[in-house]
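For reference, the structure is listed below as structure tokens.
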Amino acid sequence: MSATMKNSLKAAAALIAIAVVSVVLLALANRFFPKYVPKLDADKVTQLNAMLPTGADDATALDESYFSIDADFDLEAFNKNNGAGGSSVLAVYKAEKGAYAGSIITETQSTGYGSQIMILLTSYGTDGKINGFAAVRTSGDYLLEDADKYEKLKSAVIGKTAMTQGQVLSSTGATAAGSASGVEKNLALSGECYRAVKEGA
């Protein structure tokens with residue numbers, strides 16, 4: 065057997081070993097770090113009630129179902145067709161009571177500054193425009209953890225259907241393109257999800 069053939073077989077064996085180890089590690093990760101399962105618990109209702117004030121306290125909003133989770137929407141199929149580059153929709157909620165009744169709320173994730181995961185809540189009113197926006201997880205993101213820039217972003221996004229990276233930067237005074245890109249990706253995916261939910265309603 066030639067030296068070239070031996071080297072080729074060694075390389076193939078190494079690749080197979082790497083593939084087997086990767087599969088085992090992925091299986092372990094799925095077992096010990098289960099897939100995100102959205103739930104409408106007290107913490108989530110508190111977040112939603114802060115973003116879309118119902119006029120009721122958090123406990124009442126939870127007990128009297130001011131918000132619901134859309135369990136009928138096929139998130140897996142939607143993300144398969146629309147999610148890319150670490151972006152995905154984690155959950156869809158609906159405002160059932162209060163001034164924002166009829167609003168559809170998406171919980172999305174994508175990568176932002178320094179490839180950190182950002183998770184955002186974006187609410188769409190009955191007119192199809194954004195009427196609420198909040199960061200759930202910022203992971204040290206430059207834009208979302210700067211209180212002044214975050215408030216400017218929340219104000220700028222209201223009444224829109226999406227924002228480009230450039231619009232995010234100009235409206236907040238931020239300079240981190242990664243952060244702005246993460247927000248843009250979240251809003252784009254959120255808008256697609258909102259339209260899909262409306263079409264299936």
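Whatever position you read off the sequence shown (first residue = 1), add 64 for the numbering used here.
Glycine residues also receive a C-beta, built at the ideal position from the N, C-alpha and C atoms.
- In the structure shown, the three-state DSSP call for ILE222 is coil.
- Taking C-beta atoms as the reference points, LYS216 and SER235 count as a pair closer than 9 Å.
- By the criterion of at least three beta-carbon pairs nearer than 8 Å, the region 220-228 is in contact with the region 242-255.
- Boundaries for THR175: no alpha helix (DSSP H) harbours it, while the beta strand (DSSP E) harbouring it runs 168-175, taken from the DSSP string.
- For the pair of segments examined, the region 153-166 was found to touch the region 109-120: the number of CB pairs separated by less than 8 Å reaches three.
- About 6 Å separates the beta carbons of ILE181 and THR175, which is inside the 8 Å limit, making them a contact pair.
- DSSP, read as helix, strand or coil, puts ALA238 in coil.
- Take TYR258, set aside five residues on each side of it, and the residues of its chain with a beta-carbon closer than 7 Å to its own are ILE168, THR170, TYR188, in chain order.
- Relative to GLY246, the option among PHE197, LYS103, ILE183, LYS193 whose CA is nearest is ILE183.
- Annotation: the region 110-149 contains the following complete segments of the alpha helix (DSSP H) (minimum length 4 residues), in chain order: 122-127, 139-146.
- By the criterion of a C-beta distance shorter than 6 Å, GLU128 is surrounded by no residue of its chain, once the five residues flanking it on both sides are discounted.
- Using a 10 angstroms sphere on the CB of VAL84, the tally of other CB atoms stays under 16, which defines it as exposed.
- For TYR157, the secondary structure class from DSSP, reduced to helix, strand or coil, is strand.
- Under the three-state reduction of DSSP, GLY230 is assigned to helix.
- The Cβ-Cβ distance between PHE197 and LYS158 does not fall below 9 Å.
- In chain order, GLU248 place their CB closer than 7 Å to the CB of THR228, counting only its own chain and leaving out the 5 sequence neighbours on each side.
- At a Cβ-Cβ threshold of 9 Å, GLY264 and THR225 do not count as neighbours.
- Judged by DSSP secondary structure, GLY196 falls within the beta strand (DSSP E) whose first and last residues are 194-201.
- Going by DSSP, LEU207 is part of no beta strand (DSSP E) at all; its letter is neither H nor E.
- By the neighbour-count criterion, in which a residue is buried when 16 or more other Cβ atoms sit within 10 angstroms of its Cβ, SER72 is exposed.
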